[in-house]
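Asks: Numbering of the sequence shown is given in the numbering used here, commencing with residue 1304 and proceeding in unit increments.
Glycine included, C-beta positions come from ideal geometry on N, C-alpha and C.
Could you have a look at this structure, given as structure tokens, before my questions?
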Amino acid sequence: MNECVLIAPCHFGLEAVLKREIVDLGYEVILVEDGKVTFKGDEDAICRANMFLRTAERILLKVGSFKALDFDTLYNETYKLDWENYIPQDGRVWVTKANSIRSKLFATVNIQSVMKKAIASKLCKVYGLNTLPETGADYPLRVVLNKDEVTIGIDTSGESLHKRGYRQLTTKAPIEETLASALLMLTPWHHDRILADPFCGSGTFAIEAALMGLNIAPGINREFTAENWKNLLTRKNWYDAVTEANDLEIRDRKLQIYASDIDPNVLKLARKNASLAGVEEYINFRCAPAEKFAPKGDYGFIVTNPPYGQRLEDIETAKKIWAGFCEQFKLLPTWSCYVISPIAETEQIMGRKADKKRKIYNGMMKTDFYQFLGRKPRKDNENNSIRNN
Ligand SMILES: C[S@@+](CC[C@H](N)C(=O)[O-])C[C@H]1O[C@@H](n2cnc3c(N)ncnc32)[C@H](O)[C@@H]1O
């Protein structure tokens, strides 16, 4: 395998952020569609994409695509693909997930079993076996049927890439690490500016910002399914990615990241998560109500997801909490606030229209990412925030 096609699924609404990350990593993007970005790569790209992309959900190695309106075609077209180029004789292959959107074939269990039969039959023929031993590495397949077009990818990541390995302890309603990273990337925040999350929960925004600020690769503390693929990748491919990640880390940087929450138990978890991520010393954690948010310094960035409530009475409480924070924010004319929330009255409560608003799906929940911009620093004032602290 030399050149290959890789597919990176992501949160709906954040495709442009992921595209930019892939281009910055040095790869050619072929296609951007709802919830995924397709790009050209090679063996190193599989390792580097898993290691460095902060906003991709996983990395799939594309095996092929074809149109199928019935199960016979699905079987025959699956059989035709060159499975032996990807799956060794002892490989364990199965369709771990099939998604059908606006397609004739929609019974995912049947799609999974028909495809598994076709692949097993093809591999048995090629390897001259009656049954596959399936004693080797895992090659889980992810299949999408979109308007009858079947696209098949082998999952190189395993656990979703939002699992960086540091958040073993979660609070209620944590935001996914990939989404938190993408939202941070949608702001102009940079490691030499102040960042604060006054509703920090398990600390995801603060921890992701610290990882970004120190250039720590999001995948450095986890494993990937494709690490066991001896037929397609070498140890060297992985070692090179790890060495590159280690070389890029910058630990001797002063960061100004503030994370607070009203709940002391939640804050304990946030600290523990930051420690697991190796960034605890770079984040200033504090137990405090957002209604008393009064940071030092100018030109800071607030990136947060406040409580949103799910039942009617909870929504009313969530609105009151947001209103309390908004009063404090009004006292900070140079600060900008970026907030992800499903609450429709977010702008009304803030007392002004957001300078920018972007629709984003947080799982199945439709939310908006509101950007309330503060006064811009004068050019000669650019680093004022650092000097003030
Ligand atoms: C939606 S969660 C934030 C989740 C967080 N982004 C994460 O990834 O875990 C909202 C958080 O706001 C906190 N909270 C609720 N009322 C608060 C208040 N008045 N001041 C500060 N924090 C508050 C809750 O304890 C909760 O951790």
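Under 8 Å from any heavy atom of ligand 3, does the C-beta of G1600 make it?
Replies: The model depicted lacks ligand 3 and carries ligand 1 instead.
Asks: Return the first residue and the last residue of the alpha helix (DSSP H) that G1516 is part of.
Replies: Locating residue 1516 in the sequence shown gives position 213, counting from the first residue. Unbroken alpha helix (DSSP H) run through G1516: T1507 to G1516.
Asks: What does a CB cutoff of less than 8 Å around T1620 pick up in its chain, not counting 5 residues either side in sequence?
Replies: As a position in the sequence shown, residue 1620 is number 317, starting the count at 1. If we look at T1620 and ignore the five residues flanking it on each side, its Cβ neighbours are P1610 and G1612.
Asks: Cβ-heavy atom distance between C1629 and ligand 1 below 8 Å?
Replies: Residue numbering aside, residue 1629 sits at position 326 when the sequence shown is read from its first letter. C1629 Cβ: outside cutoff for every heavy atom of ligand 1.
Asks: If we call anything under 9 Å between Cβ atoms a contact, is K1419 one with V1447?
Replies: Counting from one through the sequence shown, the residue named residue 1419 turns up at place 116. Counting from one through the sequence shown, the residue named residue 1447 turns up at place 144. Going by C-beta atoms, K1419 is not nearer than 9 Å to V1447.
Asks: Might you give, ordered along the chain, the residues of its own chain that have their beta carbon closer than 7 Å to the beta carbon of A1348, omitting 5 neighbours on each side?
Replies: To locate residue 1348, count along the sequence shown from 1; it is residue 45. Cβ within range, chain order: L1309 and Y1330.
Asks: Please list, in chain order, all residues of the same chain as K1466 whose beta carbon is under 7 Å from its beta carbon, the five residues on each side excluded.
Replies: Locating residue 1466 in the sequence shown gives position 163, where the first residue counts as 1. Cβ within range, chain order: R1525.
Asks: Per DSSP, K1339 is paired with what?
Replies: Locating residue 1339 in the sequence shown gives position 36, counting from the first residue. K1339 pairs with P1312 and E1336.
Asks: Between the beta-carbon of A1562 and the beta-carbon of R1538, is there less than 9 Å?
Replies: Here residue 1562 corresponds to residue number 259 of the sequence shown, with the count starting at 1. Here residue 1538 corresponds to residue number 235 of the sequence shown, with the count starting at 1. The answer is no: Cβ separation not under 9 Å.
Asks: When the Cα of R1574 is compared with those of L1356, C1629 and G1504, which residue comes out closest?
Replies: Taking the first residue of the sequence shown as 1, we reach residue 1574 at position 271. Ranking L1356, C1629 and G1504 by Cα distance to R1574 puts G1504 first.
Asks: Taking the beta carbon of V1647 as the centre, do at least 16 other beta carbons fall within 10 Å, making it buried, or is it exposed?
Replies: Looking up residue 1647 in the sequence shown gives position 344. Here residue 1647 turns out to be Ala, not Val, going by the sequence shown. It is exposed - the Cβ of A1647 has fewer than 16 other Cβ atoms within 10 Å.
Asks: Distance check for P1567 and N1692, CA to CA, integer angstroms please.
Replies: The count along the sequence shown starts at 1 and reaches residue 1692 at position 389. The count along the sequence shown starts at 1 and reaches residue 1567 at position 264. With a pLDDT of 33 at N1692, under the threshold of 50, the modelled position of this residue cannot be trusted; read the value that follows with caution. Their backbone Cα atoms lie some 25 Å apart in a straight line.
Asks: Buried or exposed: R1357, going by 16 or more other Cβ atoms within 10 Å of its Cβ?
Replies: Locating residue 1357 in the sequence shown gives position 54, counting from the first residue. By the 10 Å Cβ count, R1357 comes out buried.
Asks: Report whether the distance from the Cβ of V1642 to the nearest heavy atom of ligand 1 is below 8 Å.
Replies: Residue 1642 sits at position 339 when you count from the first residue of the sequence shown. No, ligand 1 has no heavy atom inside 8 Å of this Cβ.
Asks: What are the residues that DSSP puts in a beta bridge with Q1392?
Replies: In the sequence shown, residue 1392 corresponds to position 89, counting from 1. DSSP output for Q1392 lists no bridge partner at all.
Asks: Whose C-alpha, out of E1346, G1506 and G1677, is nearest the C-alpha of D1543?
Replies: For this step, residue 1543 is matched to residue 240 along the sequence shown. That would be E1346, whose Cα lies nearest to the Cα of D1543.
Asks: For a test of the three-state rule: what should DSSP assign to D1327, helix, strand or coil?
Replies: Residue mapping note: residue 1327 aligns to position 24 of the sequence shown, counting from 1. Helix at D1327.
Asks: Is S1688 helix, strand or coil by DSSP?
Replies: Stepping through the sequence shown from its first residue, residue 1688 is reached at position 385. Legend: pLDDT at S1688 = 46, less than 50; position of this residue unreliable, no value from coordinates given.
Asks: I'd like the span of the beta strand (DSSP E) that includes R1538, first residue to last.
Replies: The residue you call residue 1538 lines up with position 235 of the sequence shown. Not the beta strand (DSSP E): R1538 falls in the alpha helix (DSSP H), residues R1538 to L1551.
Asks: Let me check you understand the geometry: is the CB of I1478 closer than 8 Å to at least one non-hydrogen atom of ligand 1?
Replies: Locating residue 1478 in the sequence shown gives position 175, where the first residue counts as 1. Yes, Cβ of I1478 sits closer than 8 Å to a heavy atom of ligand 1.
Asks: Alpha carbon to alpha carbon, how far is L1384 from L1558?
Replies: Counting from 1 along the sequence shown, the entry for residue 1384 is found at position 81. Counting from 1 along the sequence shown, the entry for residue 1558 is found at position 255. Approximately 50 Å between the Cα atoms of the pair.
Asks: Taking 8 Å as the threshold, find out whether the segment 1581-1596 comes into contact with the segment 1475-1485 through three or more Cβ pairs.
Replies: Not touching, per the Cβ criterion.
Asks: For the alpha helix (DSSP H) that I1565 lies in, which residues bound it at each end?
Replies: The residue you call residue 1565 lines up with position 262 of the sequence shown. Neither: I1565 is in no alpha helix (DSSP H) and is coded neither H nor E.
Asks: Sorted by chain position, which residues of the same chain lie with C-beta nearer than 7 Å to R1445's C-beta, five sequence neighbours on each side aside?
Replies: Counting from 1 along the sequence shown, the entry for residue 1445 is found at position 142. Counting only Cβ-Cβ distances below 7 Å, and skipping sequence neighbours, we find L1363, T1399, K1400, G1456 and D1458.
Asks: Closest to A1476 by CA distance: which of Q1392, T1607 and L1372 is it?
Replies: Taking the first residue of the sequence shown as position 1, residue 1476 is located at position 173. Residue T1607 is the option with its Cα nearest to A1476.
Asks: Considering only their Cβ atoms, is the gap separating E1594 from Q1651 smaller than 9 Å?
Replies: Within the sequence shown, residue 1651 is the residue found at index 348, counting from 1. Within the sequence shown, residue 1594 is the residue found at index 291, counting from 1. No; because the gap between Cβ atoms is not below 9 Å, this pair is not in contact.
Asks: What is the DSSP secondary structure of E1530, reduced to helix, strand or coil?
Replies: On the sequence shown, residue 1530 is found 227 positions in, with the first residue counted as 1. Correct three-state label for E1530: helix.
Asks: Under the criterion of a Cβ to heavy atom distance below 8 Å, does Y1611 qualify as lining ligand 1?
Replies: As a working note, residue 1611 is residue 308 in the sequence shown. Yes, since a heavy atom of ligand 1 falls inside the 8 Å radius drawn around the Cβ of Y1611.
Asks: Going by DSSP in three states, A1319 sits in which element: helix, strand or coil?
Replies: If you number the sequence shown from 1, residue 1319 lands on position 16. A1319: helix per DSSP, three-state reduction.
Asks: How would you call I1333, buried or exposed, if buried means at least 16 neighbouring beta carbons within 10 angstroms?
Replies: Start at 1 with the first residue of the sequence shown, and residue 1333 comes out as number 30. Looking at its Cβ environment, which holds fewer than 16 other Cβ atoms inside 10 Å, I1333 is exposed.
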